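The opening position of the sequence shown corresponds to residue 5 in the numbering used here, with each subsequent residue numbered one higher. Glycine included, C-beta positions come from ideal geometry on N, C-alpha and C. These figures come from a predicted structure and were not determined experimentally.
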Amino acid sequence: MSDDLKRPPDGPLVAGVGRGFLLTVRGKPEGLRCFPNSVDSFLASLAPLIAFPLVGAVIAGLAGRGLTALADFFEALATLLAPIVISHELARWWNREAAWLRFATAFNWCQWAIPALAAVLLLLAGVLMGLGLPGDVAAPSVVAAIAGYGLWLYWFLLRHGLRISSGRAVLGVIVMNVVTAAIVLVPYLLAGPRPNPFEGGG
Numbered sequence: 005m006s007d008d009l010k011r012p013p014d015g016p017l018v019a020g021v022g023r024g025f026l027l028t029v030r031g032k033p034e035g036l037r038c039f040p041n042s043v044d045s046f047l048a049s050l051a052p053l054i055a056f057p058l059v060g061a062v063i064a065g066l067a068g069r070g071l072t073a074l075a076d077f078f079e080a081l082a083t084l085l086a087p088i089v090i091s092h093e094l095a096r097w098w099n100r101e102a103a104w105l106r107f108a109t110a111f112n113w114c115q116w117a118i119p120a121l122a123a124v125l126l127l128l129a130g131v132l133m134g135l136g137l138p139g140d141v142a143a144p145s146v147v148a149a150i151a152g153y154g155l156w157l158y159w160f161l162l163r164h165g166l167r168i169s170s171g172r173a174v175l176g177v178i179v180m181n182v183v184t185a186a187i188v189l190v191p192y193l194l195a196g197p198r199p200n201p202f203e204g205g206g
């Protein structure tokens, strides 16, 4: 691996994950230099993503929904981990493995921008609906905006985090999303329709 992949694109490493987050989610490539390129930093970025669904599963389990809670937790875990694993394989394929840890750390932290944006857009949509905007216009607009931003953020992180071409970043976004969707959805398709517990036999 060449040494330039181990260094930030421009200048020395800038401390501060918070600053990196604020810059990166706004489309500033220099924000990626704020994320450390180490295993410990990667694990620290992954921990809160896993903690939230784990706490939810524990709460659901205590409420008597043990199997459902466990299934939901593993589904959330697969959704979170699949893009990271896939991006690592893509980085190896493109000879960018030395830059992957910083990319993955930034990717994990920047995931929080999507629910934050969703909360803001939902609030804005509620205000606009109160002013007369039809719900069948507001809801699809919010969904499209969130999905569009999420896809752009994936592309931006791949493009500048791994320092690859725009075309490769587009390919990476497609592969990451398609494979993740397949991992999550295929078990449901193979299992077939779930029985309705409210429909008794005989």
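Sequence-distant residues of the same chain with beta carbon closer than 8 Å to residue i, five excluded per side
i           : result
residue 46  : 105, 108, 109, 112
residue 20  : 38
residue 57  : 76, 77, 80, 81, 84
residue 206 : Residue placement at residue 206 is flagged as unreliable, the pLDDT there being 40, under the threshold of 50; the coordinate-derived value follows with that caveat. Cβ neighbours of residue 206 beyond the five flanking positions: none.
Own chain partners of residue i with C-beta closer than 7 Å, once the 5 adjacent residues on each side are dropped
i           : result
residue 177 : 155, 158, 159, 162
residue 125 : 146, 149, 150
residue 180 : 87, 90, 91, 158
residue 139 : 133
residue 31  : 160
Any chain B beta carbon closer than 9 Å to residue i
i           : result
residue 159 : Structure shown: chain B not included; a single protein chain is present.
CA nearest to the CA of residue i, picked from the options
i           : options          : result
residue 49  : 30, 101, 25, 59  : 25
residue 1   : 97, 40, 42, 190  : Residue 1 is absent from the structure shown; the chain starts at 5 and stops at 206.
residue 153 : 54, 63, 127, 120 : 120
Cβ neighbours of residue i in the same chain (closer than 6 Å, five flanking residues each side left out)
i           : result
residue 101 : 95
residue 115 : none
residue 129 : 142, 146
residue 122 : 150
residue 33  : 164
residue 131 : none
residue 65  : 73
residue 41  : 105, 106
residue 71  : none
residue 93  : none
Contact belief for residue i with residue j at Cβ below 8 Å, rounded distance in angstroms
i           : j           : result
residue 103 : residue 165 : 7 Å
residue 51  : residue 61  : No, residue 51 and residue 61 are not in contact; Cβ-Cβ is about 16 Å, not under 8 Å.
residue 29  : residue 117 : 4 Å
Residue i: CB within 8 Å of a non-hydrogen atom of the ligand HEM
i          : result
residue 63 : Among the components modelled here there is no ligand, and therefore nothing to report on the ligand HEM.
Is it true that the segment 86-99 meets the segment 184-191, where meeting means three or more beta-carbon pairs spaced less than 8 Å apart?
Inter-segment contact for the segment 86-99 and the segment 184-191 is present: three or more beta-carbon pairs are separated by less than 8 Å.
When you compare the segment 164-176 with the segment 136-149, are there three or more beta-carbon pairs, one atom per stretch, that lie closer than 8 Å?
no
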